[in-house]
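Chains as they are written, first to last, in our numbering: chain R, 737 to 1211; chain W, 7 to 533.
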């Protein structure tokens, strides 16, 4: 009996030691494999906040447009606040925002919270990346709540760093070097893919897009049916959390490019939704895309990509937001800063914000003599964003391989369906220019590589090639 | 619910805890609930199919036993032998009707769902051959989870009751627990009712030893599936999706990898479910016996998917070979070709049925039938020419027990298995022929630059992981083949077992699946 008992104890002890070895091993592997990321800067900054009393007076929270748009130091200086922090997280959904808000509110007791609200967060399913970015910032207690309350079961395995970053096994030495450098320099920022950490959660880039050169992207259609009920549930929980703690809430839609406003159908409905939502919850709502005269100060040159402002854009928006907060605190009417609706804002847009094209069909012509002169036929549909009173004209140009100047293929035309003969092999760049509206307004320009142009739709969708050009249903 | 998912692991942990908390007499209720929950994850509506099949088999089983008992009574009361004979004939005929009815329902559901489009394609082809339009539309039918497995289990049960092998089950919920038992419903094994029920419905005490061994087996199963099968599957898919871009050597290597993938995937699944059952104290039949160590195709099928083989043997081969038609053929063959052929011909006759149905069971396409027939031809050839073969070996002085000859036989059998699998992999006859043709005609064309080139599409770390896994699997199979597995399992030092745990867990976390998600499916689950 004693021998059996002794054997059992030995086995149990062995199991416990094995489990401990596995846990320790995975923990070490996780630390080694985790690549340097902006969250490390944020965690480092939070340690400093903890060291200096653990209070954040005002926080921004939401998705990536938040952390690109608002510079905490500007608010600290202009509003005379001790500590402002930007907790925007890439691809954050309202569920993640809620758990992050809860954790940060409990730790730092802010008096004001500015929550980013957009069409994307209202309608999208949750992105895994957004959940994990938030997970990495939470305290242990916050992690526990998020694990059981906010994450799906299939997300759980990604909380194990050794699993999440196992592909980094080939980058171990670079990751370790970079993390050592960060530690040694107190997390001095260095550009990563053109982006750099600007302090207290703010991340930005100095890259700018020439006016009119913004790519058409981020299109979506809003309807009431597309509202994600889980998203609304968590936004409600954010509001309730702040209400119960006596925290003032400002709802804000951070700026995006003019192209994107045109490319999101139902945008006014979203504005109306959030306006009503804010009123119902006793909060203030600002849509910074409807700022008056935004065409003058928030151009494509203030954008780093189709959806986020760059460092210059963040300075402008932060300054404006300061003014809004001051006016709000003084009891002034802040509606004077804004257009009354989206149509009014668009009425001041006298240009074509963006142009693009898509290849409906690409057909490589057979039987042409000389392989290097082989041509293909592209049936191309031109797309542009503009107001109804603007009649666009397009010009398509090609930069052939080995050439230094663009050659016009079409001249200026009003046709939106174009048939072009293009090289079937080798590389080229196709440039689409669009003009319209007031003379002197900048053109919209888009460039497409030969690979993009040669990717056409499945021919089997159509009876014959000729019907494609005549098919207006494609627009 | 995929076996390779966090949800399933959670489900398992909860099941094990609840199973051992409840009183032993209620443990089968826990299994029943677990089976329903597991099955419902695949679609609540599909529960209807398994319920109908179970109900048909259950009711028929009860009717069969009642008929048998009535028959025994009537026979006992019969006045004379003629009367006894006619009563027996009537009872047999009635029992056959009952079995036929239930089999038609169960197999009918399975047949329609699995083979409707196969028949429609064939009708269309025949129609076009005779100048018709041949445009019957295919039907959009989804196969319920495990239908091939539970249908065959139900039919096997019915035939056993018909043969008076054991008493029927009188509790429908217990019978449904057996039919829907989640460990064996996705990919088998085919479990005989008398063997499984004896330990399914008896209570089990928690055993720390069973937990240890079972959990380790489950872990090893996941390793086989996610590290070996899924990894080499990348090469298989890469090469076969674009076989014309590869040398015959690459294609042959990819087919070898496919054979390993199939084995590791299937054996991995078996290890997972057998490990789960070991924890619960339930014994499931093993389905593999180191199949790639077989020295003939016949022996291969006595090592691969054992329970399917015995099912076909017990319920198709023996009934057909011992049927009136089979016996008649045997007598005719004996008259014409002698005693030996008289014994073999009924078996040959039965094999046509067995291998045609084996092929069709694996896939609703003529390619699978051809694959089945190729296996059949290989087995029949061995049977037919066994004597000549033995004489030739003796004349050449081949030491048949020596390791060299055994090795040649194993390699020869493996090569044949690989060759036949071109058909089962392609799923299309012309594609299979094209691939085989390209393999031989371009064997040395466009050879890879180095060894890693054979593992087309795989990253170097996955190549290393898969190769290490294959080596571990091979070593394990060698130990089992030598009959030393039980000894190794019991005498393995604790520290070695702990190291194995560490290696398995860390490997699974670092190497299993791909970055975005684990591959959830098991290959045999499509059957």
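Beta carbons: idealized from backbone N, C-alpha and C, even for Gly.
| Query | Result |
| --- | --- |
| Chain W contact for residue 899 (chain R) (CB, 8 Å cutoff) | yes |
| Partners in chain W for residue 904 (chain R), counting only beta-carbon separations shorter than 7 Å | Result: empty, since nearest Cβ-Cβ is about 10 Å, beyond 7 Å. |
| Own chain residues within Cβ distance below 8 Å of residue 1083 (chain R), not counting five before or after | 1123 |
| Assigned secondary structure, residue 1117 (chain R) (DSSP; H/G/I helix, E/B strand, else coil) | strand |
| Amino acids of chain R, ordered along the chain, whose beta-carbon sits closer than 8 Å to that of residue 516 (chain W) | 765, 898, 899, 902, 905 |
| Contact with chain W by residue 754 (chain R), beta-carbon distance below 8 Å | yes |
| Neighbour list for residue 701 (chain R) in chain W, Cβ cutoff strictly below 9 Å | Since the first and last residues shown for chain R are 737 and 1211, residue 701 (chain R) lies out of range. |
| Three CB pairs or more closer than 8 Å across the stretch 803–818 of chain R and the stretch 1056–1071 of chain R | yes |
| Presumed contact (8 Å Cβ cut-off) between residue 123 (chain W) and residue 370 (chain W), rounded CB distance | 7 Å |
| Proximity test, Cβ basis, 8 Å: residue 936 (chain R) and chain W | no |
| Beta-carbon neighbours of residue 504 (chain W), restricted to chain R and to distances below 9 Å | 750, 751, 753, 754, 757 |
| Beta-carbon neighbours of residue 871 (chain R), restricted to chain W and to distances below 9 Å | Those within 9 Å of residue 871 (chain R) in chain W number zero; the least Cβ separation is about 16 Å. |
| Where residue 508 (chain W) meets chain R, residues with beta-carbon distance less than 8 Å | 754, 757, 758, 761 |
| Counted within 10 angstroms of its Cβ, other Cβ atoms place residue 230 (chain W) as buried (16 or more) or exposed | buried |
| Beta carbon of residue 871 (chain R) nearer than 8 Å to that of residue 895 (chain R) | yes |
| Which of helix, strand or coil DSSP assigns to residue 397 (chain W) | helix |
| Contacts that residue 16 (chain W) makes with chain R (C-beta to C-beta distance below 8 Å) | 889 |
| Beta-carbon spacing of residue 1115 (chain R), residue 1091 (chain R) below 8 Å | no |
| Rounded C-alpha distance that separates residue 835 (chain R) from residue 457 (chain W) | 50 Å |
| Segment contact, 8 Å Cβ cut-off, at least three pairs: the stretch 751–760 of chain R with the stretch 888–905 of chain R | no |
| First through last residue of the alpha helix (DSSP H) which encompasses residue 1135 (chain R) | Unbroken run through residue 1135 (chain R) is the beta strand (DSSP E), 1129–1136; no alpha helix (DSSP H). |
| C-beta neighbour in chain W for residue 863 (chain R), strict 8 Å | no |
| Cβ of residue 742 (chain R) within 8 Å of any chain W Cβ | no |
| Cβ neighbours of residue 142 (chain W) in the same chain (closer than 7 Å, five flanking residues each side left out) | 126, 129, 130 |
| With 16 other Cβ atoms within 10 Å as the buried cut-off, status of residue 343 (chain W) | exposed |
| Spatially closest choice to residue 822 (chain R) from R:846, R:1174, R:983, by CA coordinates | R:846 |
| Straight-line Cα distance separating residue 74 (chain W) from residue 156 (chain W) | 25 Å |
| Extent of the continuous alpha helix (DSSP H) run through residue 157 (chain W) | 153–168 |
| Boundaries (first-last residue) of the alpha helix (DSSP H) holding residue 1058 (chain R) | 1047–1065 |
| Integer Cβ distance of residue 849 (chain R) from residue 985 (chain R), believed to fall under 8 Å | 5 Å |
| Within chain W, partners of residue 1098 (chain R) - CB distance below 8 Å | Simply none; closest approach about 22 Å. |
| Beta bridge counterpart(s) of residue 820 (chain R) as assigned by DSSP | R:794 |
| Start-end ranges of the alpha helix (DSSP H) lying completely within the stretch 248–316 of chain W, minimum 4 residues | 254–286, 303–306 |
| CB contact flag (residue 1212 (chain R), residue 915 (chain R), <8 Å) | The requested residue 1212 (chain R) does not occur in the structure, where chain R is confined to residues 737 to 1211. |
| Contact list for the stretch 214–239 of chain W against chain R, Cβ threshold 8 Å | 214, 218 |
| Counted within 10 angstroms of its Cβ, other Cβ atoms place residue 1047 (chain R) as buried (16 or more) or exposed | buried |
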